[in-house]
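Contents: one structure, followed by commentary.
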Amino acid sequence: MGRPPSSGGPAFRFTHAEVAEMEEHLRHLNNAIPHRDVIQGLADKFTASPARAGKISVQPKQVWNWFQNRRYSQRNRTTRGAPLPQGKMLPTGAADEHHSASFGAQSASSVYPTGKNSSNGGQVDFEAKSARDGAWYDVAHFLSHRLFETGEPEVRVRFSGFGAEEDEWINVRKCVRQRSLPCEPTECVAVLPGDLILCFQEGKEQALYFDARILDAQRRRHDVRGCRCRFLVRYDHDHSEAVEKKLVHLEMSFLGPPLHLK
Ligand SMILES: [Zn+2]
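Sequence positions in the sequence shown follow our numbering and run 1 to 262.
Have a look at this one:
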């Protein structure tokens, strides 16, 4: 958000009126991503507006990205007021145990079909890696589960903001994990070369969340804007390298394979 695209071309920007309309949807849906029909409708409406008609067409993906980004930044503001549990940021066994305790004892059938309503009563959100583009998306529902031929458990995932056409069978061990949260500016000190993080990669058409490895961390003095550090990362899915200013999501990535199902 707000960052110019890294590769050529003028940055696409939503108008104030468009942002206001999308914010209204977000409020109405209690910060959930609208259904794809709504996203499509907004894209069509914006494209047909006097300001854009005949000049630029707004893609549903751009609208969807706006919602996803806004949700993450809002959740960052609303859920991070409370202090984090000790050691949550560190790639230690303690964090891993915490995670195992939450999920390891439950079978796939007890966890996945409900997804968001876990047995502890709290809301547990998941993200899953799409085989189509290798990017991580929020999970709306787990529809069913099966054991693949190799014995690997798989779940049928409905992605948040997408319809049934985009459902995928996804490997539970490798490609489903508890949803990553944005990192605080002060958490950059815990980021070390070799760490796996979730990064926001901006392309020409869209910006998506991909796993990346930290190659090098260049520490800089923080100022009122927060972290000014730079991180050289290599993206897992295309092996491209880039210098990123901000690590969007962090902590769950330290937990390794997120789910420890037997
Ligand atoms: Zn920093």
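Don't be surprised by glycine CBs; every beta carbon is placed ideally from N, CA and C. Nothing here was measured: the structure is a model prediction, and the numbers come from that model.
Is the shortest distance between the beta-carbon of residue i and the beta-carbons of chain C less than 8 angstroms?
i	result
Val63	Checking the listed chains, one finds no chain C in this structure; it contains a single protein chain.
Is the beta carbon of residue j closer than 8 angstroms to that of residue i?
i	j	result
Glu152	Ile170	no
Arg158	Leu143	yes
Gly134	His237	yes
Asp211	Leu196	yes
Ala128	Cys175	yes
Phe126	Arg177	yes
Arg179	Asp138	yes
Glu184	Ser130	no
Given that a residue counts as buried once 16 or more other Cβ atoms are within 10 Å of its Cβ, and exposed if not, what is residue i?
i	result
Ile33	buried
Asp216	exposed
Glu244	buried
Pro182	buried
Ser110	With a pLDDT of 33 at Ser110, under the threshold of 50, the modelled position of that residue is not reliable, and the figure given next carries that caveat. Exposed, by the Cβ-count rule.
Leu198	buried
Which stretch, first to last residue, makes up the beta strand (DSSP E) that contains residue i?
i	result
Gln201	196-202
Asp138	136-147
Phe210	207-218
Val155	153-159
Phe14	Looking at the DSSP string, Phe14 is not in any beta strand (DSSP E), and its letter there is neither H nor E.
Arg36	Element bounds for Arg36: not the beta strand (DSSP E) but the alpha helix (DSSP H), 36-48.
Once DSSP output is grouped into helix, strand and coil, what is the label at residue i?
i	result
Gly54	coil
Asn171	strand
Lys245	coil
Pro193	coil
Val63	helix
Arg71	helix
Arg234	strand
Ala128	strand
Leu181	coil
Ligand 2 and residue i: does the residue's C-beta get closer than 7 angstroms to at least one heavy atom of that ligand?
i	result
Arg228	What this structure holds is ligand 1, not ligand 2.
Can you tell me where the alpha helix (DSSP H) holding residue i begins and where it ends?
i	result
Gln178	First-last for Gln178: 176-178, but that is the beta strand (DSSP E), not the alpha helix (DSSP H).
At least three beta-carbon pairs within less than 8 angstroms, the region 206-215 to the region 52-72: yes
Validate contact between the region 41-61 and the region 14-25 using beta carbons, cut 8 angstroms, 3 pairs: The region 41-61 vs the region 14-25: in contact.
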